[in-house]
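Novice:
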Amino acid sequence: MPDPILQLQDVRTHFPVEHGFLFKRHLGTVKAVDGVTLSVLPGEVLGLVGESGCGKSTLARTIMQLLPATGGSVILEGRNLTRGSAAEIQAVRRDLQMVFQDPFASLNPRMTVYATLAEPLLVHRVCPPAAVRARVAELMETVGLAPRYMRKYPHEFSGGQRQRIAIARALALNPKFIIADEPVSALDVSIQAQILNLLASLVRRMHLSMVFIAHDLSVVKHISDRVAVMYLGKIVELGPAADVIERPRHPYTRALVSAIPVPDPDIERRRQRIVLAGDPPSPLNPPAGCAFHPRCLFAQEKCKAAVPPLVPAGPGREAACVRLDEI
Amino acid sequence: MNLAPAVPPPSLSASDPAQLESGHSLWGDAWHRLRQNRLAVAGGAALFVLTVLCTSGPWFLQASYQDQNLDLGATAPGAAHWLGTDTLGRDLLVRLLYGGRISLGVGLSATFVALTIGVSYGAIAGYVGGKTDILMMRLVDILYALPFTIFVILLMVFFGRNIILLFVAIGAVEWLTMARIVRGQILSLKKMEFIEAARSLGLSNRRIIFRHMIPNILGPIIVYTTLTIPSVMLLEAFLSFLGLGVQPPMSSWGTLIKDGAEKMEEFWWLLVFPGSVFSLTLLSLNFLGDGLRDALDVRGSKD
C-alpha cells in the first residue's frame with residue numbers, strides 16, 4: 001500500500017466558550033472536531049458525510065490551517081502542518097487548496113475572473129508575468145469556461161459557473177490535495193451533477209487527492225473511493241464507499257443510508273425508513289458515552305458507559321459502536 | 328505603501344484574436360446609477376463650480392482679502408463691489424473666495440486625515456480581532472467621551488493658533504466614527520468565504536486587507552466621507568465663530584458668518600452671502616453623499 005498523502009492523527013479543534021472581556025469566565029468547550037484519525041492515499045477521494053453542525057467544515061478548515069488545531073496533527077506528505085512555522089505553512093499552501101460551499105460568497109465581487117485567477121499565480125510566482133494570461137485562459141478551459149469571459153465579474157455568472165471559477169482558483173497553484181467543502185450543496189440539482197463530474201474528472205486527470213464533504217450520502221457515493229461518516233466531531237464509520245452504503249454497520253450510517261431516496265416509486269413507498277428523532281445534541285454538552293445513543297434505535301444501558309472507539313468491522317472498514325456484532 | 332504586485336489588466340495583444348467580452352464592474356453600475364440621480368449630479372456640479380471659483384477666482388481679482396478702504400466703509404452690493412464691502416471697506420466677494428479656500432481646504436484635508444487614520448485603525452482592529460480589537464476599540468470609546476471643544480481649546484492653548492493644527496485637531500476627532508464603521512464592516516467581511524479563500528491561497532494579511540477587504544467596503548467609506556466633509560466644515564465654522572479658528576485678517580466662511588451675524592441688522596449682505604454659499608456647499612455635499620449611498624448600495628442591486 002502506498003504511503004498516505006494526508007494523515008490526520010487524533011485531530012481536535014475545540015472552541016472555548018467565554019463570557020466577558022479582560023476577565024473571562026470559562027463557560028465550557030465546544031468540541032467541534034474531537035479526535036479524528038484518518039488518512040487519504042494519493043489519488044484517492046475520501047467522502048466526508050454528516051449532518052449540519054457535526055464538524056465537517058471545521059475539520060476542513062483545520063486541515064487547511066484556517067483554524068488552529070487544539071490537538072493532534074495534520075500531516076501532508078510527511079510535513080506536520082500543525083507544528084509548522086508560518087513560512088512552512090505558506091509553502092504547503094501550494095499543495096493544499098480548498099473549494100468552498102457557497103460560490104456566491106467565495107469570490108471577491110470586485111475582482112474580474114482574470115484578477116481572481118491571476119492573483120495566486122503572481123503572488124506565488126508560479127509562472128513568469130508574461131505567461132499569466134495564457135495560464136488563466138488554460139485554467140478556465142480546464143474547468144469548462146470560455147476564456148473570453150475572463151474580464152467579467154462574478155455577479156455576471158450563474159452559480160454553477162461561479163463554482164467553476166472557484167475550482168479554477170483552487171487549481172491555479174497545481175495543488176496535490178483539494179478539500180471540497182460541500183461544493184454542490186448551494187447549487188441547483190441540475191447543476192450539481194455537472195460540478196460533480198467536473199471534480200471527478202479533474203481528480204483523475206490531474207492525479208489529485210481530495211476530501212469531499214457533503215451532508216448527503218447520495219452525492220458522496222458517486223465521487224468517493226472511501227467514505228467517512230462523522231457525528232458530533234467524531235468519525236463513527238469508515239470504509240469503501242460502495243460497501244458502506246450497501247452494508248452500513250453503524251446505526252447512524254444506517255439512518256443516513258435509509259434517507260437516500262430510491263428512484264422507484266413502488267419500492268420507495270413500501271420501504272421502511274429510519275427516521276431519526278430530534279436534533280443532534282449540543283456539542284457544548286454532548287451525551288455521556290456514545291454521543292449518538294439518545295437517538296439510536298439500538299441503544300442500551302452500556303452505550304452510556306464509555307465512548308466507543310473505532311474498531312475494525314470487516315475488510316478495510318471501521319465503525320465505532322459497542323453493539324456492532326449484535327445488530 | 329508597497330503593496331504586492333498589483334494584478335495588471337490582461338493585455339489584449341493582437342496575437343489573440345479571440346474577443347474578450349468586457350464585464351460590468353460594480354463600480355461601473357454604481358456610476359451609472361449615480362448619474363440617474365439628479366440631485367446628486369446637481370450637488371456634484373455645484374461643488375465643482377464652487378471649488379473652481381474659490382481656487383482660481385482670487386487670481387483674477389485685483390483686490391486682496393486684506394485690502395482695506397476705511398473711507399469706503401460698508402457699502403451695499405453694487406457694480407464696483409458685487410457683493411458689497413464690510414465695515415473696513417474690504418470686498419466681500421474676494422473675502423468669500425479666499426474664505427472658501429480655507430473652508431474647503433479644512434474640509435478636505437481634515438477629512439483626509441480622518442479617513443487615513445480611521446480606515447487603517449478600524450481595518451486593523453477588525454481584522455486582527457481578539458484582545459487587540461478590544462483594546463483598540465476601548466481607546467476609541469475613551470476618546471469619544473472627551474468633549475471635543477475642550478480638546479481643541481487645550482490644543483490651541485498649548486500649541487498656539489495655527490491653521491495646520493486646526494486640520495489635525497478636527498481630523499483627530501473625526502476619525503473615531505470612521506474607525507468604528509470600518510471595523511464593523513471588516514468584521515462582517517472577515518467571515519466571508521472569499522476572505523478564507525484568500526487566506527488559503529497564502530496571501531499576506533496586508534494584501535488581504537488592502538486588496539480584498541477595503542475595496543469591498545469602499546461604498547460605506549465614500550459615503551461617510553462625503554458626510555464627514557460638511558461636519559468638518561461646520562466644526563471649523565464653529566471654532567472660528569468662537570475665535571479659536573482662523574485669525575483675522577484671513578477669512579473663512581465661518582469667520583465671515585460670525586462677522587456678518589454681528590452686523591446683520593445694518594449690513595444684511597455680510598451675513599446673507601457667506602451664509603448662502605456655506606449652506607449651498609453643505610447641501611450639495613449631503614445630496615452627493617445620499618446619491619453615492621444609493622448608487623453604491625449593492626444590496627439593492629442585482630447580485
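As they're listed, the protein sequences go chains Y and D.
Quick note, in this note's numbering, the first sequence goes up one by one and the last residue is 327.
Quick note, in this note's numbering, the second sequence goes up one by one and the last residue is 630.
Even glycine gets a Cβ: it sits at the ideal position worked out from N, Cα and C.
Assuming L380(D) contacts L424(D) under a Cβ cut-off of 8 Å, what Cβ separation, rounded to an integer in Å, is found between them?
Specialist: Against the second sequence, residue 380(D) aligns to sequence position 53. Against the second sequence, residue 424(D) aligns to sequence position 97. Right, their Cβ atoms sit about 6 Å apart.
Novice: How do the stretch 174-187 of chain Y and the stretch 136-156 of chain Y stand: do at least 3 beta-carbon pairs fall below 8 Å, yes or no?
Specialist: Short answer: they don't touch.
Novice: Listed in chain order, which residues of the stretch 184-215 of chain Y have Cβ atoms closer than 8 Å to some Cβ of chain D?
Specialist: So the list is empty, because no residue satisfies the distance condition.
Novice: Just to confirm, are L196(Y) and V219(Y) a CB contact at a threshold of 8 Å?
Specialist: As a position in the first sequence, residue 196(Y) is number 196, starting the count at 1. As a position in the first sequence, residue 219(Y) is number 219, starting the count at 1. Yes. Within cutoff.
Novice: Which residues of the stretch 511-522 of chain D have a Cβ closer than 7 Å to any Cβ of chain Y? Give them in chain order.
Specialist: Listed by position along the chain: M519, E520, F521.
Novice: For G432(D), which residues in chain C fall below 9 Å Cβ to Cβ?
Specialist: Protein chains Y and D are contained in the structure displayed, whereas chain C is not.
Novice: Have a look at P2(Y) and Q9(Y) and give me their C-alpha separation to the nearest angstrom.
Specialist: Mapped onto the first sequence, residue 2(Y) falls at position 2. Mapped onto the first sequence, residue 9(Y) falls at position 9. Taking the straight line joining both Cα atoms gives about 18 Å.
Novice: Relative to chain D, which residues along the stretch 143-155 of chain Y have a C-beta separation below 7 Å, given in chain order?
Specialist: Those residues of the stretch 143-155 of chain Y that come within reach of chain D (Cβ to Cβ, closer than 7 Å) are P147, R148, Y149, M150, R151, K152, Y153, H155.
Novice: What is the DSSP secondary structure of A214(Y), reduced to helix, strand or coil?
Specialist: The residue given as residue 214(Y) occupies position 214 in the first sequence. Reduced to three states, the DSSP call for A214(Y) is strand.
Novice: Classify Q272(Y): buried if its beta carbon has 16 or more other beta carbons within 10 angstroms, exposed otherwise.
Specialist: Here the question's residue 272(Y) lines up with position 272 in the first sequence. Exposed, because fewer than 16 other Cβ atoms sit within 10 Å of the Cβ of Q272(Y).
Novice: What is the rounded straight-line gap between the Cα of P576(D) and the Cα of E592(D)?
Specialist: Reading the second sequence from its first residue, position 249 is the one you call residue 576(D). Reading the second sequence from its first residue, position 265 is the one you call residue 592(D). Spanning the two alpha carbons is a distance of roughly 23 Å.
Novice: Could you name the residues of chain Y that P542(D) contacts, counting a contact when the two beta carbons are closer than 7 Å?
Specialist: Stepping through the second sequence from its first residue, residue 542(D) is reached at position 215. The contacting residues are R110.
Novice: When the Cα atoms are used, what is the spatial distance from G71(Y) to F485(D)?
Specialist: On the first sequence, position 71 is the one that residue 71(Y) refers to. On the second sequence, position 158 is the one that residue 485(D) refers to. Answer to the nearest angstrom: the Cα atoms are 56 Å apart.
Novice: Hey, K590(D) and T414(D) are a contact pair by Cβ (cut 8 Å); roughly how many whole angstroms apart?
Specialist: Indexing the second sequence from 1 puts residue 590(D) at position 263. Indexing the second sequence from 1 puts residue 414(D) at position 87. That belief holds up - the Cβ atoms of K590(D) and T414(D) are roughly 7 Å apart, short of 8 Å.
Novice: Give a yes or no on whether 8 Å exceeds the smallest Cβ distance from R526(D) to chain Y.
Specialist: Locating residue 526(D) in the second sequence gives position 199, counting from the first residue. With 8 Å as the cut-off, R526(D) counts as an interface residue toward chain Y.
Novice: If you run the structure through DSSP and keep just helix, strand and coil, what is G72(Y)?
Specialist: Start at 1 with the first residue of the first sequence, and residue 72(Y) comes out as number 72. The answer is strand: DSSP assigns G72(Y) an E or B state.
Novice: Could you give the uninterrupted runs of the alpha helix (DSSP H) lying entirely in the stretch 117-159 of chain Y, keeping only those of 4 residues or more?
Specialist: Counting only runs of 4 or more, we get 132-142.
Novice: Can we count V227(Y) as close to the ligand SAH, meaning its CB is less than 7 Å from some heavy atom?
Specialist: The ligand SAH is not part of this structure, which contains no ligands at all.
Novice: On the DSSP letters alone, give me the boundaries of the alpha helix (DSSP H) that I480(D) sits inside.
Specialist: If you number the second sequence from 1, residue 480(D) lands on position 153. Counting along the chain, the alpha helix (DSSP H) containing I480(D) begins and ends at 475-486.
Novice: Exposed or buried, what is V327(Y) when buried is set at 16 or more other beta-carbons lying within 10 Å of its beta-carbon?
Specialist: For this step, residue 327(Y) is matched to residue 327 along the first sequence. The question names Val, but residue 327(Y) in the sequence shown is Ile. So I327(Y) counts as exposed.
Novice: Let's test the definition: count the other Cβ atoms within 10 Å of the Cβ of F387(D) and tell me whether it reaches 16, buried, or not, exposed.
Specialist: On the second sequence, position 60 is the one that residue 387(D) refers to. Exposed, by the Cβ-count rule.
Novice: A60(Y): which of A32(Y), R79(Y), E77(Y) sits nearest, CA to CA?
Specialist: Taking the first sequence and counting its residues from 1, the one referred to as residue 60(Y) is at position 60. Checked all of A32(Y), R79(Y), E77(Y); the closest Cα to A60(Y) is A32(Y).
Novice: Reducing DSSP to helix, strand and coil, say where V559(D) ends up.
Specialist: If you number the second sequence from 1, residue 559(D) lands on position 232. Three-state DSSP puts V559(D) in a helix.
Novice: Quick one: is W596(D) buried, meaning 16 or more other Cβ sit within 10 Å of its Cβ, or exposed?
Specialist: Looking up residue 596(D) in the second sequence gives position 269. Classification of W596(D): buried, given that the 10 Å Cβ count is 16 or more.
Novice: Taking only beta carbons into account, state which residues of the stretch 156-169 of chain Y come closer than 8 Å to chain D, listed in chain order.
Specialist: Listed in sequence order: E156, A166, R169.
Novice: Around the Cβ of Y551(D), are there at least 16 other Cβ atoms within 10 angstroms (buried) or fewer (exposed)?
Specialist: Here residue 551(D) refers to the residue found at position 224 of the second sequence. By the neighbour-count rule (16 or more Cβ atoms within 10 Å), Y551(D) is buried.
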